[in-house]
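Enquirer: Chains as they are written, first to last, in UniProt numbering: chain A, 1 to 512; chain B, 1 to 143.
All C-beta atoms in this analysis are idealised placements derived from N, C-alpha and C, irrespective of residue type, glycine included.
The model shown is predicted, which means the values in this text are computed figures rather than measured ones.
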Amino acid sequence: MDVLVSLFDGFAIALTWQNLLLALIGCFLGTVMGALPGLGPSNGVAILIPLAFTMGLGPTPAMILLTSVYYGAMYGGRISSILLNIPGDEPALMTTLDGHPMALQGRAGEALALSGIASFVGAFFATCGLVLLAPLLVKVALLFGPAEYFALFTLAFATLGGIASTNQAKAAFAAALGIGIAMIGVDGQTGVPRFTFGEVHLYDGIDFLVAIVGMFALSEVFIFLEHRAVHGAKPAEKMKIGKIVPSWSLIKYCTPTMIRSTVLGFLAGVLPGAGASLGSFIAYSVEKRLVDKEGTFGKGDPRGVAAPEAGNNAAAGGALVPMLALGVPGSGTTAVLLAVLLALNITPGPLLFQNNPDVVWGLIAALFIGNLMLLAMNIPMVGLFVRVLLVPPRFLMPIVAMVSFVGIYGISGSSFDLMVMVGFGILGWLLRKLDIPMVPVILGVLLGAAMEKNLRRALTISDGDWFALVASPLSIALWAIAIFGFILPIVLGPTIRKRMQMRKDDAGAAVD
Amino acid sequence: MSDRIFGSIGLALAIFFIWQATLIQESFIQDAVGPKTFPIIIGTVMGLASLYFVLKPDPDPVWPNAAGLIEIGLAALVMFAYAQALPEFGFGISTAIAAAYLAWRLESPPVQAIIAGVLISGGLYLIFRVILGLSLARGPLGF
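(1) Less than 8 Å between CB atoms is the rule here; does Leu126 of chain B satisfy it with respect to chain A?
(2) With contact counted as at least three CB pairs below 8 Å, one residue from each stretch, are the stretch 198–217 of chain A and the stretch 403–422 of chain A in contact?
(3) Against chain A, with Cβ distances strictly below 8 Å, would Leu11 of chain B count as a contact?
(4) Determine, using beta carbons only, whether Gly178 of chain A and Leu443 of chain A come nearer to each other than 8 Å.
(5) In terms of residue numbering, what span does the alpha helix (DSSP H) encompassing Lys170 of chain A cover?
(6) By the DSSP assignment, the alpha helix (DSSP H) with His100 of chain A in it spans what residues?
(7) Which of helix, strand or coil does DSSP assign to residue 524 of chain A?
(8) Look at the alpha carbon of Ile72 of chain B and the alpha carbon of Leu84 of chain A, and state the distance between them as a whole number of angstroms.
(9) Touching or not, the stretch 53–64 of chain B and the stretch 427–443 of chain A, by the rule of three or more beta carbon pairs under 8 Å?
(10) Once you ignore the five residues that flank Ala92 of chain A on each side, which residues in its own chain have a CB closer than 6 Å to its CB?
(11) From the DSSP secondary-structure annotation, give me the bridge partner or partners of Arg303 of chain A.
(12) Within 10 angstroms of the Cβ of Phe391 of chain A, are there 16 or more other Cβ atoms? Answer buried if so, exposed if not.
(13) Which runs of the alpha helix (DSSP H) at least 4 residues long sit entirely within the stretch 377–423 of chain A? Give them in chain order.
(14) Please list, in chain order, all residues of the same chain as Met1 of chain B whose beta carbon is under 8 Å from its beta carbon, the five residues on each side excluded.
(15) Mapping DSSP to helix, strand and coil, what is Ala236 of chain A?
(16) In whole angstroms, give me the CA-to-CA distance for Leu39 of chain A and Met33 of chain A.
(17) Strictly below 7 Å CB to CB, what residues from chain A border residue 144 of chain B?
(18) Report the partner residues of Arg194 of chain A according to the DSSP bridge assignment.
(19) Among the residues of its own chain, which have a CB less than 8 Å from the CB of Lys234 of chain A, if the five just before and after it don't count?
(20) Classify Val200 of chain A: buried if its beta carbon has 16 or more other beta carbons within 10 angstroms, exposed otherwise.
(21) Give the range of the alpha helix (DSSP H) segment to which Lys293 of chain A is assigned.
(22) Quick check on Met381 of chain A: buried or exposed, where buried means 16 or more other Cβ atoms within 10 Å of its Cβ?
(23) Out of curiosity, what's the CA-to-CA distance linking Ala96 of chain B and Ala81 of chain B?
(24) Hey, is the stretch 42–52 of chain A in contact with the stretch 99–114 of chain A, meaning 3+ C-beta pairs nearer than 8 Å?
(25) Can you look up Ala126 of chain A in the DSSP assignment and give me helix, strand or coil?
(26) Report back the beta-carbon spacing between Tyr75 of chain A and Gly116 of chain A to the nearest angstrom; my notes put them in contact at under 8 Å.
(27) Using a cut-off of 9 Å between C-beta atoms, extract the partners of Phe89 of chain B located in chain A.
(28) Is it true that the stretch 92–108 of chain B meets the stretch 120–131 of chain B, where meeting means three or more beta-carbon pairs spaced less than 8 Å apart?
(29) Along chain B, in chain order, which residues have C-beta atoms closer than 7 Å to that of Met55 of chain A?
(30) Does the CB of Ile179 of chain A have a neighbour CB from chain B at under 8 Å?
(31) Roughly how many whole angstroms lie between the Cα atoms of Pro246 of chain A and Val386 of chain A?
(32) Is the CB-CB distance between Ala306 of chain A and Ala118 of chain A below 8 Å?
(33) What are the start and end residues of each continuous beta strand (DSSP E) run of 3 or more residues lying completely inside the UniProt domain "DUF1468" (6–136) of chain B, in chain order?
(34) When the Cβ atoms of the stretch 11–25 of chain B are set against those of the stretch 39–50 of chain B, are three or more pairs found closer than 8 Å?
(35) Determine whether the beta carbon atoms of Ser68 of chain A and Ala23 of chain A lie at a separation below 8 Å.
(36) Does DSSP put Glu309 of chain A in a helix, a strand or coil?
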């Protein structure tokens, strides 16, 4: 019952006018960002972080704003998937398979409404799961010492590439690069400068917000410059939306699908390294195998819309569990949210639940509220969001770039930071071209210092004996999962990737 | 081929990183591990990963042609210039020019691009300075 009491307190915090307004703004902006092709949840949150700081928000309001953006972007991704057949973000990819065919049949309104409801179901039950699971995980985490934390960080990096990772060496390189960047600056333990080359600006280290905004937001601008606004520039296509209210029988018809997909999506979200893309993929594949008896999946089956949407929104909620309870994010966007917490001087993990219960439970309550707002917003106002899709990238991208500059300049007021940010933008573009994942870089910049600190603590306690790292059963288990998680994609990766590709091609064939 | 070049650069970077790590001045405060060990481990991981790219490269990505590369280089230069110009000329003018440049390069007709630049600059000033009260760079004209 502790949980219910805490949750009740959380609602008391979240239900102030300021927090409600922030949740509303966050949900709205998030949906817009998710709907715009090219901007997904991680870029959306990254662009808005500086804004939250410059507004001088406290930790709880800032987190409420940004997680509302996160949830909102997960909702918004479906809009461009269904109407334009362009996924607004990666997890929304599977929604194009049945969503766009439905739109072509003149049932776009139904598809939008149904996916809105599926998103709500997925996110709502995932938030319930978060409430139940996070405190349990915290109890486990309280047993962790420095050696276990070091193993846990290694696990996070080893599995972050995800099961569909193309090249584990690239993921490892990315993580090492990120951790290497985190080493720049004065060493926290002994006070000596490292890798600063005498440059005073570098003594403080590289601000991770600068790195995140540069890599996520500016690299997007460079990508668009490269492609010269080619894709996403065909909004002239008039799409009949049709009736927006779904019939009761349709919802009932899809209910079992939504429930199964929610469970699968949530599990995929909680597991390290899986994230929302895998959540929607698993949900869709399992559903296709279970209920697609007439072969209607891929041709505009409503269940094929409900499954990935419930799956990816449930995964979004699930991914918050390890981030809040252990301080180790399982996906790109939660890594960005972790950056927000760290920048606010709050260290997530078991102590967060003890020291700042107001932040945790206020946030969780805000997620419930935001979810209701999103449902209310997404069904009647979907027409408005559709109009947002008409903003051409040639105006949108300059705005994205300038907002990033304003935000970072607002925090630090330093031209040097802006130049570092541009440097990270170019680095991000280069990494994307070479197919090197950016999330491990970001996570390395974020967690590198903590990882080293835990290693050194563990070895100080053991007086330099490296076997202390594998002394407890818990740490051995973590190391085993880390190694397993790193090797598994090498074995399974090609098959899964081929299947994801096949689904995409099938859908392409059905649409053309 | 791209991966091989990239791997070689990564390897050079890793070696440079490890070499720099060995040069870190030890302080009189000392713990069991010291400030050098962890960077050396990370450098080794980076080096091994890079070596893998050199030996087993992925297929090449599609690189933009020379014009595309110049495009990106120029945009980056404009952004660097913007960072420098911000404290000198103030938020309003610098932002309008930078935004107009980007809009123009993303294939807006020049007149539209200039209008877009001015509107973006004005809009952001309105939202961030007037409504949110954030301190933006002030130029000689006060905005």
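Expert: Walking through what the data contain:
(1) no
(2) Between the stretch 198–217 of chain A and the stretch 403–422 of chain A there are three or more inter-stretch CB-CB distances shorter than 8 Å, so the stretches are counted as touching.
(3) no
(4) yes
(5) Run containing Lys170 of chain A: 168–183, per the alpha helix (DSSP H) assignment.
(6) 95–104
(7) With chain A covering only 1 through 512, there is no way to say anything about residue 524 of chain A.
(8) 28 Å
(9) yes
(10) If the five residues before and after Ala92 of chain A are omitted, its C-beta is found closer than 6 Å to the C-beta atoms of Gly77, Arg78, Ser81, all from its own chain and listed in chain order.
(11) In the DSSP output, where bridge partners are listed per residue, Arg303 of chain A has none listed.
(12) Per the sequence shown, the amino acid found at residue 391 of chain A is Val instead of Phe. Note on Val391 of chain A: under 16 other CB atoms within 10 angstroms of its CB, so exposed under the neighbour-count rule.
(13) 382–388, 393–412
(14) Pro57, Asp60
(15) Confidence at Ala236 of chain A is low in this model, with a pLDDT of 43, below 50, so the placement of that residue should be treated as unreliable; the coordinate-derived value is given next. Coil.
(16) 6 Å
(17) Nothing can be reported for residue 144 of chain B, as the shown portion of chain B is limited to 1 through 143.
(18) A:Gly185
(19) With a pLDDT of 48 at Lys234 of chain A, under the threshold of 50, the modelled position of that residue is not reliable, and no figure is offered here.
(20) Around the Cβ of Val200 of chain A, a 10 Å sphere holds fewer than 16 other Cβ atoms; the residue is exposed.
(21) Neither: Lys293 of chain A is in no alpha helix (DSSP H) and is coded neither H nor E.
(22) exposed
(23) 13 Å
(24) No, the stretch 42–52 of chain A does not touch the stretch 99–114 of chain A.
(25) helix
(26) 7 Å
(27) Contacts between Phe89 of chain B and chain A, judged by CB atoms closer than 9 Å, are missing: the closest CB pair is about 12 Å apart.
(28) Here the stretch 92–108 of chain B makes contact with the stretch 120–131 of chain B; the two share three or more CB pairs at distances below 8 Å.
(29) Leu132
(30) yes
(31) Taking the straight line from one Cα to the other gives about 18 Å.
(32) Contact flag set, yes.
(33) Fully enclosed beta strand (DSSP E) runs of 3 or longer: not present.
(34) The answer is yes - the stretch 39–50 of chain B touches the stretch 11–25 of chain B, with three or more Cβ pairs under 8 Å.
(35) In this structure, Ser68 of chain A lies near Ala23 of chain A, with their beta-carbon atoms less than 8 Å apart.
(36) helix
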